[in-house]
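Protein chains in written order, with the working numbering: chain F, 3 to 52; chain G, 4 to 626.
Let me begin by presenting the structure, written as structure tokens, before commenting on it.
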């Protein structure tokens, strides 16, 4: 995969798992979706700066 | 191939003309067979003066004479030529003659024959003959539209390609709007989930549905605009993940490795509790407290609850609704609303039309209006009353709970009848694919409290899995109403006294006066009622007015009467019945204003049922 591509469902999944691990409680999928959007945004900004 | 030419004139002229022609043929030996062979007369004279060893003037006379004698072969044309004059020391223009011939004799200019071309023939004839019978050209038969099954696309392809997609109208709109700023290729195939790939804009990503999201916007704004699509996409990602690292149940998610497991002994105890101790579907919290001995006040109670629900999915039947996670065993679920008089496959055949676009339950009151009121009124048909079932129409679905988990087939919903202080567990079968949904288990309630044609109201209650069923009470009266007599080996329609103490739709009330003729018609077993055309034919013959001849019998009846009788036999909607009538070759509109239909039924009925209809036997089975 091109290093400059961000793919929904592939990029940032490890970070999302870490978020769930830290939460330690079952979380609503809407909450999880918000966290995922934030992870993707961070990734996009980082790549843009590079 | 060349033709042998015949030259005219004196022998000398003929010989010279032949030499001239041969000379020109040599000049154009590499030309095409229809190309003109041209030479200036002055050149020919110069050539033959040397060859014949005569003066230029003598040669000019001989050549001119030979050409003049053979004008059929040589064409002479006066022209101006520009030559270099050594005496004048410059270029001068002088008169000359151009001699033209062809390889096979006189030159014939090439002519393209356009009198018959393909382009012209496309428009022929100019005045086509009139078409008397349009059916030769077009067909009025609607082709069956095949339902395309969704195609599963491997994650490998979803993540490996780099083409953006167009998944929906909304997605297209998004792409179009975005493309005004920066061009985006949008040429992926419709209906195929395509990869979610970042667009050329660094802050944009595409969802699998094809929706483009601008990550530069605040999270709240993004969720407000595309929350449902993002959640749906994330749910798809979680469920398709082969490593199953995220556990999901309903709308709850957790890290799979953090979700506790249950032993076989735990499962055995839970099964025994549900089947033997309770005998009804049980809520997850009851199982936790009463079987697994988890304290309700424990800090990790919700975590344990999630684990129970997630882990039991593969061993037990989830029959809950949002807010009430109910669990049952397969054996127990089969008992809820059980009815030995029909099979699930038979019932599915009666409600499939709801999923095929013939659900007209919200034509009068919209889904939004029903949801706003939290209640819906329904007219009970004879079929529904007799078998204790209700088709899951859009109107009913508007106030009933939705499935909680993917591929949930059934839910157990409690229907309470406050006017009689009792409740009943109903097996709610959700629509699956092309199969419509229905509710079963009302047999006792309907028989004990209501009559066919009753107007009943369903209303939501404060509990998510409890619906109230009420009816408007009316002054009690007694009528001879239709029922199915199962006392003998063969079931049959019969009439008996029934007390009516609720408001009814009089048209749907199956009195002896209204539908007494039904006893003339063959009693169809449940499995035989799926073929709506056979039912239509029999109902027309039993209830219709004879308007044809003995040779060509035709029966006439109103659409509303046909609908009322049809709802005795099976679950039906007006739109589906109307569709069936239009599709039936032997039925046609007799009078549109009064809703009358004609049916040429006799031959068809005898052919289909082996003559199971006797129009003139009014007294059959009365005793």
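Cβ atoms here follow ideal geometry from the backbone N, Cα and C, with glycine treated the same way.
Just so we're clear, the structure is a prediction, and the values are computed from it rather than from any experiment.
With a threshold of 6 Å on Cβ separation, who are the neighbours of residue 44 (chain F) within its own chain once the five nearest residues in sequence on each side are excluded? Looking up residue 44 (chain F) in the first chain gives position 42. So no residue of the chain qualifies.
So does the segment 468-478 of chain G actually touch the segment 412-419 of chain G, counting three or more Cβ pairs closer than 8 Å? yes
So with CB distances below 7 Å, who are the chain A contacts of residue 335 (chain G)? Here chain A cannot be found, since the structure's protein chains are F and G.
Residues bridged to residue 320 (chain G) (per DSSP): If you number the second chain from 1, residue 320 (chain G) lands on position 317. Beta-bridge pairing links residue 320 (chain G) to G:331.
In the structure shown, what three-state DSSP assignment does residue 60 (chain G) receive? The sequence position of residue 60 (chain G) within the second chain is 57, counting from 1. Residue state, collapsed to three classes: helix.
Quick one, which residues of the segment 237-250 of chain G are near chain F if we go by CB-CB under 9 Å, in chain order? Flagged, chain order: 237, 238, 239, 240, 241, 243, 244, 248, 249 and 250.
In the DSSP assignment, find the unbroken beta strand (DSSP E) run with residue 592 (chain G) in it and report its ends. Position 589 of the second chain, counted from the first residue, corresponds to residue 592 (chain G). Unbroken beta strand (DSSP E) run through residue 592 (chain G): 590-594.
Do the CB positions of residue 254 (chain G) and residue 287 (chain G) come within less than 8 Å of each other? As a first step, residue 254 (chain G) must be located in the second chain, where it is residue number 251. As a first step, residue 287 (chain G) must be located in the second chain, where it is residue number 284. Taking 8 Å as the Cβ cut-off, residue 254 (chain G) and residue 287 (chain G) do not qualify as a contacting pair.
Against chain F, does residue 230 (chain G) count as a neighbour if the rule is that its beta carbon must be under 8 Å from one of theirs? Position 227 of the second chain holds residue 230 (chain G). Interface residue, yes.
Am I right that residue 101 (chain G) and residue 41 (chain G) are in contact with their C-beta atoms under 8 Å? What's the rounded C-beta distance? Counted from its first residue, the second chain places residue 101 (chain G) at position 98. Counted from its first residue, the second chain places residue 41 (chain G) at position 38. Their Cβ separation, rounded to whole angstroms, is 6 Å, which keeps residue 101 (chain G) and residue 41 (chain G) in contact under 8 Å.
Identify whether residue 623 (chain G) lies in helix, strand or coil by the three-state DSSP scheme. One-based indexing of the second chain puts residue 623 (chain G) at position 620. Reliability fails at residue 623 (chain G), whose pLDDT of 42 lies under 50, so the model's placement of it is uncertain and the value that follows must be treated cautiously. Coil.
By Cβ distance below 6 Å, which residues in the same chain neighbour residue 262 (chain G) in space, the five residues on each side in sequence not counted? Taking the first residue of the second chain as position 1, residue 262 (chain G) is located at position 259. Same-chain partners within the cutoff: 250, 310 and 313.
Whole angstroms are fine: how far does the CA of residue 341 (chain G) sit from the CA of residue 563 (chain G)? Position 560 of the second chain, counted from the first residue, corresponds to residue 563 (chain G). Position 338 of the second chain, counted from the first residue, corresponds to residue 341 (chain G). Roughly 32 Å separates the two Cα atoms.
Measuring only between beta-carbons, confirm whether residue 41 (chain F) sits less than 8 Å from chain G. Here residue 41 (chain F) refers to the residue found at position 39 of the first chain. Not an interface residue.
Check the Cβ of residue 411 (chain G) against every Cβ in chain F and list those closer than 7 Å, keeping chain order. Locating residue 411 (chain G) in the second chain gives position 408, where the first residue counts as 1. Within chain F, no residue comes near residue 411 (chain G); the closest Cβ sits about 16 Å away, beyond 7 Å.
With DSSP run on the structure shown, which of helix, strand or coil describes residue 394 (chain G)? Counting from one through the second chain, the residue named residue 394 (chain G) turns up at place 391. Correct three-state label for residue 394 (chain G): strand.
Roughly how many angstroms separate the alpha carbons of residue 167 (chain G) and residue 507 (chain G), rounded to a whole number? Taking the second chain and counting its residues from 1, one reaches residue 167 (chain G) at position 164. Taking the second chain and counting its residues from 1, one reaches residue 507 (chain G) at position 504. Confidence is the limiting factor: at residue 167 (chain G) the pLDDT is only 49, short of 50, which leaves the residue's position unreliable, though a coordinate-based value still follows. The alpha-carbon atoms of residue 167 (chain G) and residue 507 (chain G) are separated by roughly 57 Å.
Given this structure, state the Cα-to-Cα distance separating residue 338 (chain G) from residue 441 (chain G), to the nearest angstrom. As a position in the second chain, residue 338 (chain G) is number 335, starting the count at 1. As a position in the second chain, residue 441 (chain G) is number 438, starting the count at 1. Rounded to whole angstroms, residue 338 (chain G) and residue 441 (chain G) show a C-alpha spacing of 16 Å.
Using 8 Å as the threshold, is the C-beta distance between residue 448 (chain G) and residue 505 (chain G) below it? Indexing the second chain from 1 puts residue 448 (chain G) at position 445. Indexing the second chain from 1 puts residue 505 (chain G) at position 502. Against a cut-off of 8 Å, the Cβ pair of residue 505 (chain G) and residue 448 (chain G) comes out as no contact.
Do residue 559 (chain G) and residue 600 (chain G) have their C-beta atoms within less than 8 Å of each other? On the second chain, residue 559 (chain G) is found 556 positions in, with the first residue counted as 1. On the second chain, residue 600 (chain G) is found 597 positions in, with the first residue counted as 1. It is a contact, given that the beta carbons lie within the stated cut-off.
Kindly identify the DSSP beta-bridge partner or partners of residue 15 (chain F). The sequence position of residue 15 (chain F) within the first chain is 13, counting from 1. In the DSSP output, where bridge partners are listed per residue, residue 15 (chain F) has none listed.
Near residue 628 (chain G), which residues of its chain fall below 8 Å by C-beta distance, leaving aside the five closest residues on each side in sequence? Past the boundaries of the shown model lies residue 628 (chain G); chain G is included only from 4 to 626, so the question cannot be answered.
Skipping 5 residues on each side, what residues in its chain have a beta carbon closer than 7 Å to that of residue 17 (chain F)? Mapped onto the first chain, residue 17 (chain F) falls at position 15. Hits under 7 Å: 41.
Which of helix, strand or coil does DSSP assign to residue 38 (chain F)? Locating residue 38 (chain F) in the first chain gives position 36, counting from the first residue. If DSSP states are grouped into helix, strand and coil, residue 38 (chain F) belongs with the helices.
Considering only residues of the same chain and omitting the five flanking positions on each side of residue 85 (chain G), which have a CB-CB separation below 7 Å? Along the second chain, read from residue 1 onward, the residue named residue 85 (chain G) stands at position 82. The residues are 94 and 96.
So, is the C-beta of residue 14 (chain F) closer than 8 Å to a C-beta in chain G? Taking the first chain and counting its residues from 1, one reaches residue 14 (chain F) at position 12. Output row for residue 14 (chain F): interface = no.
If you reduce the DSSP assignment to three classes, tell me which class residue 220 (chain G) lands in. Counting from one through the second chain, the residue named residue 220 (chain G) turns up at place 217. Residue 220 (chain G): coil per DSSP, three-state reduction.
Spatial neighbours of residue 452 (chain G) within its chain, please: C-beta separation below 7 Å, excluding the five flanking residues on both sides. Along the second chain, read from residue 1 onward, the residue named residue 452 (chain G) stands at position 449. Only 420 and 423 meet the Cβ criterion.
In the DSSP output, what is residue 500 (chain G) paired with across the bridge? What you label residue 500 (chain G) is simply residue 497 of the second chain in a count that begins at 1. Residue 500 (chain G) is bridged by DSSP to G:483.
So that I know if they touch, is there some Cβ in chain G lying closer than 8 Å to that of residue 52 (chain F)? For the purposes of this step, residue 52 (chain F) is taken as the residue at position 50 of the first chain. For residue 52 (chain F), not one C-beta of chain G is nearer than 8 Å to its own C-beta.
Between which two residues does the beta strand (DSSP E) harbouring residue 339 (chain G) extend? Residue 339 (chain G) sits at position 336 when you count from the first residue of the second chain. No beta strand (DSSP E) holds residue 339 (chain G); DSSP gives it neither H nor E.
How many Å lie between residue 550 (chain G) and residue 595 (chain G) at the Cα? As a working mapping, residue 550 (chain G) is identified with position 547 in the second chain. As a working mapping, residue 595 (chain G) is identified with position 592 in the second chain. Near 17 Å, if we compare the C-alpha coordinates of residue 595 (chain G) and residue 550 (chain G).
Residue from G:273, G:37 and G:300 whose Cα sits closest to the Cα of residue 318 (chain G): In the second chain, the residue the question calls residue 318 (chain G) occupies position 315. Looking only at G:273, G:37 and G:300, the smallest Cα-Cα distance to residue 318 (chain G) is reached by G:273.
Of the residues G:409, G:433, G:486 and G:210, the one placed nearest residue 387 (chain G), counting alpha carbons only: Mapped onto the second chain, residue 387 (chain G) falls at position 384. Nearest of G:409, G:433, G:486 and G:210 to residue 387 (chain G), Cα basis: G:486.
What in chain F is Cβ-close to residue 256 (chain G), meaning under 8 Å? Residue mapping note: residue 256 (chain G) aligns to position 253 of the second chain, counting from 1. Within 8 Å of the CB of residue 256 (chain G), the CB atoms of chain F belong to 22, 28, 29, 30, 31 and 34, in sequence order along the chain.
Note down, in chain order, every chain F residue with its Cβ under 9 Å from the Cβ of residue 406 (chain G). Here residue 406 (chain G) refers to the residue found at position 403 of the second chain. The premise fails here: residue 406 (chain G) is roughly 15 Å from chain F at the closest Cβ pair, so nothing lies under 9 Å.
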